[in-house]
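Chemist:
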Amino acid sequence: MNLPFAPQEIIRWAPLIVALPFAVGAVTILGVWRSRTASMLLSAGTMFYCFLHSLLILLALQQDPSLGPAQTNWDWFVSSSFRLSMGVLVDHLCAVMMVVVTTVSLFVQIYTHGYMREDPGYSRFYAYLSLFAGSMLGLTVSTNLFEMYFFWELVGVCSYFLIGFWWQRNTAAEAGIKAFVVNRVGDFGFLVGIILFLAATAGFWGQHPLLIFSDPQGFDLAGAIRYAASQGTLTAASLAAISMVMFMGPMAKSAQLPLHVWLADAMEGPTPISALIHAATMVAAGIYLVARAYPIWLTPDGSTFSAGLAFVAWVGGVTAFVAATIALSQYDIKRVLAWSTVSQLGYMFVGLGTGAYTAGMFHLFNHAFFKAMLFLCSGAIIHHLHHAMHVDKETRKKLDEVSLMDRMIPPDQDLRNMGGLKQYMPITRWCFLVGTLSISGFPFLSGFFSKDEIISSSFKYQGPGHDILFWLLVVTAGLTAFYMFRAYFLTFHGEYRGGGTPAAEKLSVINLPLIALAFPSILSGYLGANPEALKQLLTGAAPTAMANAFAQFLYFGHAPEYEALNGGVMLTSTVVSLAGIGLAYLVYINKLPVHTWCQQNLKPLYNLSWCKWYFDDMYMAFTQKLALPVFNFVWNLVDMAVVDNVVNLSSFATLGTGEALRYSENGRAQWYALVIFGSVAVIGLVYFLAQPLS
Amino acid sequence: MGPEHLLTALLLVPLVGTFAIALSPEPWARQISLWLGAAMVVISALLLANFNPALAGMQFVEQVNWIRWPFPVDYHVGIDGFSLALVALTTIVTFAAILASKTVGETRPRLYYSMVMLLTTSILGVFLSLDLVQFFVLYELELVPMYFLIAIWGGPRRDYAAMKFLIYTFFGGIFMLAALLFLYYQLGQAGAQYQTFDMVKLATVSPLLAKQVQLLGCLGFMVAFLIKLPSFPFHTWLPDAHVEAPTPISMILAGLLLKMGAYGLVRICMGFFPEALVTLGVGLMALGAFNIVWAAMACLVQGDMKRVIALSSVSHMGFITLGLGSLSAAGLNGAIFQMVSHGFISAALFFLVGTVYDRCHTRQIKEIGGGLARQMPTLFYFWMLATLANLGLPALSGFVGEVTVFYGSFMSPVAMLPAHHTFVHGTIIFACTGVILSAGYMLWLLKRLFFGPEQERWSGHLTDARGWEVAVASILALFIVGLGIYPMALTSQYTPVADRMTRDVQARTTISLRPSQVD
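Each protein sequence line maps, in turn, to chains A and W.
Note that the numbering used here gives residue 89 to position 25 of the first sequence, counting from 1, and the numbers run on in steps of one.
Note that the numbering used here gives residue 139 to position 124 of the second sequence, counting from 1, and the numbers run on in steps of one.
(1) Mind pulling the alpha helix (DSSP H) runs of 4 or more residues that sit fully within the region 161-230 of chain W?
(2) Does any residue of chain W have a CB that is nearer than 9 Å to the CB of L80(A)?
(3) In whole angstroms, give me the CA-to-CA distance for S427(W) and F508(A).
(4) Under 8 Å by Cβ, that's how I've got V420(W) and A350(W) pegged, so tell me the actual separation to the nearest angstrom.
(5) So is V386(A) buried or exposed if we call it buried at 16+ other beta carbons inside 10 Å?
(6) What in chain W is Cβ-close to F695(A), meaning under 8 Å?
(7) Can you tell me where the beta strand (DSSP E) with D703(A) in it begins and where it stops?
(8) When the Cα atoms are used, what is the spatial distance from V31(W) to F225(A)?
(9) Tell me the residue span of the alpha helix (DSSP H) that contains N405(W).
(10) Whose C-beta lies closer than 6 Å to the C-beta of H431(A) among residues of the same chain, with five residues either side of it excluded?
(11) For a quick check, are the C-beta atoms of A480(W) and M399(W) less than 9 Å apart?
(12) Does G313(A) have its Cβ less than 9 Å from a Cβ in chain W?
(13) Please check the pair G499(W) and A363(W), which I expect to be a contact at CB under 8 Å, by giving their CB distance rounded to whole angstroms.
(14) Does DSSP classify T418(A) as helix, strand or coil?
(15) Would you kindly work out how many angstroms separate the C-alpha atoms of P124(W) and A177(W), rounded to a whole number?
(16) So, under 8 Å CB-CB, T510(W) and N348(W) are touching, yes? Tell me the CB distance rounded to an integer number of Å.
(17) Determine whether the Cβ of C447(W) lies closer than 9 Å to any Cβ atom of chain A.
(18) Using the beta-carbon of each residue, which ones in chain W are nearer than 7 Å to L449(A)?
(19) Find the nearest neighbour of G27(A) within the set A263(A), S302(A) and Y395(A), judged by alpha-carbon distance.
(20) R147(A) bridges to which residues according to DSSP?
(21) Should F287(W) be flagged as near chain A, meaning a C-beta pair shorter than 9 Å?
(22) For the alpha helix (DSSP H) containing H530(A), list its first residue and its last residue.
(23) Note down the Cα distance separating F69(A) from F115(A), rounded to an integer number of angstroms.
(24) S99(A) and A191(A): beta carbons closer than 9 Å?
(25) Measure the C-alpha to C-alpha separation of Y291(A) and L295(W) and round it to an integer number of angstroms.
(26) Any Cβ of chain A within less than 9 Å of the Cβ of V323(W)?
(27) Is any beta-carbon of chain A found at less than 9 Å from that of E157(W)?
(28) Compare the Cα-Cα distances from A643(A) to each of K655(A), A541(A) and F686(A) and report the closest residue.
(29) Can you tell which of T105(W), L134(W) and G279(W) has the C-alpha that lies nearest to the C-alpha of I165(W)?
(30) Pull up the distance between the alpha-carbon of A35(W) and that of A266(A), whole angstroms please.
(31) Mapping DSSP to helix, strand and coil, what is N481(A)?
(32) Strictly under 9 Å for the Cβ-Cβ distance: is Q320(A) near chain W by that measure?
(33) Could you tell me the distance, in whole angstroms, from the CA atom of C447(W) to the CA atom of P171(W)?
(34) In angstroms with no decimal places, state the Cα-to-Cα distance between Q126(A) and A339(A).
(35) Please list, in chain order, all residues of the same chain as S728(A) whose beta carbon is under 6 Å from its beta carbon, the five residues on each side excluded.
(36) Using a Cβ-Cβ distance cut-off of 9 Å, determine whether A454(W) contacts chain A.
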């Protein structure tokens with residue numbers, strides 16, 4: 065295929081992809097916001113350009129792989145001892161990520177036009193969307209760890225803006241703070257990890273830019289690790305420790321245990337944001353970081369059997385399971401999806417952690433499309449029901465009261481108010497079904513390919529507790545199928561349980577993006593399909609082909625990785641998933657009273673799921689009942705009582721007459737005269753005393 | 016007038032202004048001081064244009080002998096990249112503060128603006144002085160206008176706050192004076208030819224003094240500067256002074272006055288007494304780290320929004336102590352950046368606190384109750400920006416200093432000493448928890464002021480930013496964003512100086528280092 069531009073030129077202009085959204089965000093805030101149409105066109109138009117450009121980059125790299133990695137670095141802070149730089153790196157990994165980010169961003173921006181049309185903050189929303197896109201793309205093209213940290217925090221703050229977008233709501237404001245502070249805890253670890261890593265590789269960098277990911281001359285992370293290992297400043301144990309500390313960053317950003325608590329609350333933000341930031345792109349940044357800085361997580365000699373990766377795999381595996389159990393009992397449609405995101409991100413970490421680099425990134429790629437679509441579907445439902453339930457003010461108020469007081473969920477997001485929507489919203493229903501099947505790992509949809517690859521890599525995995533990890537993932541696959549179909553059946557099947565009557569759905573700017581995203585949700589898995597490998601599997605021949613064609617343009621190290629298909633594992637996980645779907649059918653369509661039975665006979669387990677394993681309660685108790693009161697007490701004791709009094713007392717005593725003088729108006733002048741003459745006197749006296757005695 | 020007299024011109028503008036305003040009619044005072052403020056900004060721009068950043072020495076030097084007996088005192092000014100950065104900061108923040116004095120300056124404008132000019136003279140003088148006695152006099156001169164500015168235009172407890180400020184600072188001044196004379200006397204012991212108050216010469220001769228002498232001298236100066244900085248346990252004057260001071264004066268106090276202490280620490284404690292700093296480095300780092308966390312913790316339990324910002328200043332000045340104590344090039348570079356960046360950020364924050372106070376007439380966060388965003392959307396944007404800058408968000412200036420200080424202190428030669436290794440690294444990781452706390456208290460403050468449903472008692476009573484308020488906030492925001500995106504604009508001016516100073520100190524470290532790890 066011929067590209068319309070020279071491949072070198074396409075890559076040379078890559079910085080535009082980052083710069084333009086920032087510029088658009090800035091001008092929108094500074095004045096363009098006055099025109100809603102201009103804000104929207106500028107923002108969405110830029111994103112369309114970024115989308116095309118990223119696609120061209122991907123194609124250019126496909127055509128001529130020798131073009132990557134290409135990078136440019138600019139000095140940002142230079143002193144004689146170090147050089148921090150910012151730059152743009154273009155390679156396969158980054159190109160894939162850029163395509164994901166720009167595609168989802170583009171569709172979300174189109175969708176926003178429909179979803180936020182009546183909101184007074186419409187233009188502001190577009191400005192934030194642009195700023196987010198710029199930050200996320202900046203993170204994607206980062207040439208070094210430091211730059212990634214820089215944009216890492218910027219995407220975090222955009223997320224904060226957008227979660228708290230409806231600032232009138234206290235819950236939204238609190239969720240925003242929670243997201244930012246929890247992420248700050250992660251960033252603290254990220255920062256400490258970077259500094260520890262720098263300290264261990266101190267003599268290596270010289271005047272080269274610090275912490276570069278890849279460099280033809282070898283002044284990059286891998287080179288630094290080799291050097292430090294040869295110098296003895298870095299051992300396998302210390303590298304593993306550094307990687308674990310640094311992993312706090314991905315833990316927070318990608319909502320992994322125990323820093324996962326912010327993501328469900330982040331659903332307070334408008335739904336387009338949940339789709340873009342809290343499902344498809346930003347939360348995947350943690351996976352991207354681990355993939356980018358993979359050498360740090362390996363052993364110093366480059367093996368994937370490292371303690372660092374084992375930690376990643378285990379955090380991911382446990383999170384995948386815990387989040388799936390929580391999703392079983394939630395009633396807020398957005399939160400069900402949020403917990404499923406947490407769970408799926410866990411899968412991706414297991415992929416990276418067990419050495420299946422390609423599979424982890426592949427799942428990120430597929431998940432971005434179907435999860436974005438699922439969220440946009442939920443938005444369409446919420447939008448639709450919002451209008452349906454608004455029969456008149458009284459009904460709406462009653463609904464609001466019941467929902468918000470007793471259930472803490474807005475009525476239009478509550479699964480208990482839905483049901484039977486398939487007849488009112490056929491387009492959304494089919495899209496949602498595609499997404500649900502895909503995430504459940506239904507055969508031959510995109511989620512099936514990547515998820516099975518991760519499960520099979522956990523099967524092959526030889527690290528600590530590999531059997532448990534494998535079964536954990538298989539069980540989670542079953543749970544995933546169950547809770548996703550639970551949400552699907554509760555929403556679309558049975559009788560409508562909410563107030564008012566929903567209108568019939570029309571083709572609109574809200575459901576067009578859903579249809580567009582349904583295609584990659586079905587098909588993106590085939591990018592990784594390799595007929596050769598399938599043939600070998602079916603004929604029972606010894607596997608020689610690469611299982612995942614995706615690996616052609618996305619691999620770590622110098623050759624595409626070899627990840628064979630495993631028929632047994634595929635069969636196991638597929639059967640478990642189908643069982644999950646079947647169970648959901650029995651419970652929610654055939655009305656098997658499993659739900660009430662669980663509530664009555666498995667109360668503690670049900671509560672564990674319902675109360676999200678009590679993480680929030682523990683953290684709240686820690687800050688509200690312990691940390692703040694202790695701070696208050698200690699501060700009052702030390703600062704107000706001891707320090708202030710001791711220092712005040714001594715100084716007031718030293719300058720005894722000060723107190724008396726301050727009460728008279730004239731006193732000020734006198735006091736000042738005293739100070740002047742006093743100091744002159746002291747100068748003279750000390751000078752006299754200081755004379756040599758001779 | 017050629018560039019060689021620029022510094023004298025810069026000092027004369029506010030000094031002449033002090034008297035000119037005092038003698039002019041009341042309604043002219045604001046106009047005159049605005050023009051003078053603009054003139055100072057122009058002069059500092061000229062300085063920047065004529066400055067050669069490649070040189071680590073003093074430039075634009077002017078020296079006139081003033082007193083010969085009993086000791087020589089000169090009028091001696093000059094700047095290097097480090098002082099230039101602070102001079103530029105001073106002129107810009109002063110201009111912003113004058114602009115922000117619109118309402119405060121309505122009572123007794125002549126006296127008010129004249130005092131502001133005197134204050135500016137003193138601050139600029141400190142950054143420009145190359146004679147130690149002149150430095151001391153100008154350093155102490157600041158007390159006079161500051162005392163009156165708080166005591167006349169301040170809040171309800173202004174007398175107490177002004178007196179407390181005076182006593183604390185004066186207490187420090189005595190230590191500085193004693194140290195100054197001690198230094199002069201000790202140099203005399205070494206030989207009459209060494210006896211001088213010339214700061215350029217002092218930087219070369221005083222490092223030759225015996226270690227014990229350096230230690231004593233350094234401690235004397237250090238007490239004075241740590242009080243001004245301020246640092247635990249001398250920090251309690253700051254919240255009181257800030258809470259009572261009027262808004263523009265808080266801007267100057269946090270943005271500029273604190274930097275005098277920081278400047279002294281670097282120029283004098285580090286420049287004159289490198290040997291002492293090698294000993295005191297670990298202690299300074301620990302003190303800095305403690306300040307960062309302690310003050311951040313205190314911010315979480317304040318009920319008064321101005322106190323939160325004031326204590327957050329203490330926390331952020333801890334970065335300077337930490338970076339300085341690390342004795343590493345990155346640490347010092349970061350500390351200097353932090354001085355400038357904090358100058359803009361704290362000025363912006365105090366100004367914004369002032370805008371809310373002007374409208375709600377209370378500083379108690381509980382009484383304000385939230386929901387201000389509805390009636391004050393523009394100010395909300397500026398608040399958000401300043402808040403994020405203060406919590407160290409990348410692309411805003413606060414981030415640069417913090418990150419380089421952390422990096423520098425971790426790579427510090429002090430930490431290479433086996434006895435200190437674990438302690439120093441532990442200290443820095445402890446200090447890093449400050450980034451979590453600062454996010455917590457700043458966002459919580461923002462939430463309690465601006466987020467949430469509109470309060471009934473404020474509806475219809477509040478106005479959004481007026482023209483001059485937008486101007487003040489925009490000036491400061493411009494620098495906060497600009498320095499955050501491209502810090503090289505500033506660092507390229509002072510890096511040679513900072514690098515040379517740390518090299519000098521490190522040359523004296525008795526710690527044996529692996530050559531590859533010297534930072």
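We put the CB at the ideal spot given by N, CA and C, even for glycine.
For clarity, every value in this text was computed on a predicted model and none was experimentally measured.
Modeler: In brief:
(1) 173-205 and 214-220
(2) L80(A) does not count as touching chain W.
(3) 56 Å
(4) 6 Å
(5) buried
(6) Chain-ordered, the chain W residues with CB closer than 8 Å to the CB of F695(A) read M312, A313, L315 and V316.
(7) Neither: D703(A) is in no beta strand (DSSP E) and is coded neither H nor E.
(8) 48 Å
(9) P392 to N405
(10) Excluding positions up to five away in sequence, the list reads Q408.
(11) Not a contact, by the Cβ cut-off of 9 Å.
(12) no
(13) Not a contact, Cβ separation roughly 13 Å.
(14) coil
(15) 20 Å
(16) Contact holds; Cβ gap of about 6 Å.
(17) yes
(18) Per Cβ cutoff of 7 Å: no residues; L449(A) is ~24 Å from chain W at best.
(19) Lying outside 65 to 758, the shown extent of chain A, residue 27(A) is not represented and no answer is given.
(20) V142(A)
(21) no
(22) That run of the alpha helix (DSSP H) goes H530 to F556.
(23) 15 Å
(24) No.
(25) 34 Å
(26) Residue-level contact by beta carbon fails for V323(W) and chain A, as no gap is shorter than 9 Å.
(27) no
(28) A541(A)
(29) L134(W)
(30) 57 Å
(31) helix
(32) It does not: the Cβ of Q320(A) has no partner Cβ on chain W nearer than 9 Å.
(33) 37 Å
(34) Taking the straight line from one Cα to the other gives about 29 Å.
(35) Below a pLDDT of 50, predicted positions are generally treated as unreliable, and S728(A), at 39, falls in that range; the measurement from the model is reported next regardless. No residues qualify anywhere along the chain.
(36) Chain A, which has a Cβ nearer than 9 Å to the Cβ of A454(W), makes this yes.
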